[in-house]
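This report refers to the structure that appears directly beneath it.
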Ligand SMILES: NC(=O)c1ccc[n+]([C@@H]2O[C@H](COP(=O)([O-])OP(=O)(O)OC[C@H]3O[C@@H](n4cnc5c(N)ncnc54)[C@H](O)[C@@H]3O)[C@@H](O)[C@H]2O)c1
């Protein structure tokens with residue numbers, strides 16, 4: 628069965644892999660991104676592979692743009708069957724004591740507000756249709772906290788909690804809502820960093836029991852499964868895809884010593900000792 632699939636932030640990275648996987652499986656895909664060239668490029672890839680889709684640009688942190696995106700999708704396809712709330716930005720890394728207000732607000736606005744705005748619009752369409760699958764991109768940071776990413780972890784924890792509430796509220800309408808919590812993913816950006824010998828990436832890999840990053844395609848295939856009939860009774864779950872990194876503590880030790888060395892708050896305390 629063809630299912631109209633909207634993937635936010637699918638102009639690159641994990642979102643791109645999800646969009647391509649769904650298109651390859653015969654589903655019409657709405658590619659969304661704030662960066663127009665990136666979104667258009669992925670739509671071209673979909674079409675070159677014989678798939679069907681459209682590009683609807685929108686900033687997911689802007690409620691008016693989100694409403695307009697869903698209205699355009701509804702007009703074109705009659706509704707949205709699957710929503711993958713994937714768009715996001717990485718944090719600039721700082722200890723909570725050093726964090727700028729702007730860092731906090733930006734991350735919460737894109738990750739948490741953006742996920743909520745899209746989920747709400749999708750829920751309204753899906754409740755009328757009597758079917759839907761919503762998959763929210765969280766992170767192991769949202770389950771465990773991560774040194775240097777307080778704002779990002781809090782946003783992802785909020786996404787996880789919203790996933791559970793939405794799963795309870797929407798389940799009776801044949802809509803499932805689940806979250807994926809990846810560890811380090813081998814996106815082109817992270818692979819480039821790894822190739823440059825980034826200690827951040829290397830420490831994350833060393834702290835991962837399977838000894839590698841997750842391929843974006845592995846996450847895409849999991850999301851395809853969660854959207855399938857076989858997964859119709861999986862609801863309100865947070866699925867870790869992290870090679871077991873979440874049960875290891877190496878990354879936090881690394882980030883703690885790395886950030887403490889340049890933390891104005893820590894340096895001030897040390898200078899008065
Ligand atoms: N890469 C990882 O290791 C990793 C790990 C855990 C979770 N995640 C999560 O997976 C998701 C995708 O990450 P990625 O690594 O593929 O990132 P990425 O930067 O490669 O892709 C994110 C895409 O989202 C778009 N985007 C950013 N802000 C947007 C906005 N306001 N509106 C619409 N689009 C916007 C970007 O333009 C970009 O194309 C994010 O939610 C991220 O937090 C990533």
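In our numbering, the protein residues as written are 628 to 900. Beta carbons are placed, not taken as given, at the ideal position from N, Cα and C, and that holds for glycine.
{"Check": "Select from 726, 670, 803 the residue whose C-alpha is nearest the C-alpha of residue 852.", "Outcome": "803"}
{"Check": "Just to confirm the assignment: which complete beta strand (DSSP E) runs, minimum length 3, are found wholly within the region 795-866?", "Outcome": "802-809"}
{"Check": "When burial is assigned at 16 or more other CB atoms within 10 Å of the CB, is residue 718 buried or exposed?", "Outcome": "buried"}
{"Check": "For residue 898, count neighbouring Cβ atoms within 10 angstroms of its own Cβ and tell me buried if that reaches 16, exposed if not.", "Outcome": "exposed"}
{"Check": "Distance, Cα to Cα, residue 715 vs residue 787?", "Outcome": "15 Å"}
{"Check": "In chain order, what are the residue ranges of uninterrupted beta strand (DSSP E) at least 3 long that sit wholly in the region 730-785?", "Outcome": "759-764"}
{"Check": "Across the region 746-761 and the region 689-700, are there enough close Cβ pairs to call them in contact, namely three or more that are closer than 8 Å?", "Outcome": "yes"}
{"Check": "Rounded to whole angstroms, what is the Cα-Cα separation between residue 838 and residue 641?", "Outcome": "20 Å"}
{"Check": "Helix or strand or just coil, what does DSSP make of residue 631?", "Outcome": "coil"}
{"Check": "Quick check: what's the CA-CA separation for residue 682 versus residue 895?", "Outcome": "50 Å"}
{"Check": "Report the option in 673, 652, 790 whose CA atom is closest to the CA atom of residue 637.", "Outcome": "673"}
{"Check": "Are there any heavy atoms of ligand 1 lying less than 8 Å away from the beta-carbon of residue 893, as far as the coordinates show?", "Outcome": "no"}
{"Check": "Can you determine whether any heavy atom of ligand 1 sits closer than 8 Å to the C-beta of residue 628, and answer yes or no?", "Outcome": "no"}
{"Check": "Using a threshold of 8 Å, is the CB atom of residue 704 nearer than that to any non-hydrogen atom of ligand 1?", "Outcome": "no"}
{"Check": "Which of helix, strand or coil does DSSP assign to residue 875?", "Outcome": "coil"}
{"Check": "Answer with buried or exposed for residue 816, where buried requires no fewer than 16 other C-beta atoms within 10 angstroms of its C-beta.", "Outcome": "exposed"}
{"Check": "Answer yes or no: the CB of residue 639 versus the heavy atoms of ligand 1, is any distance below 8 Å?", "Outcome": "yes"}
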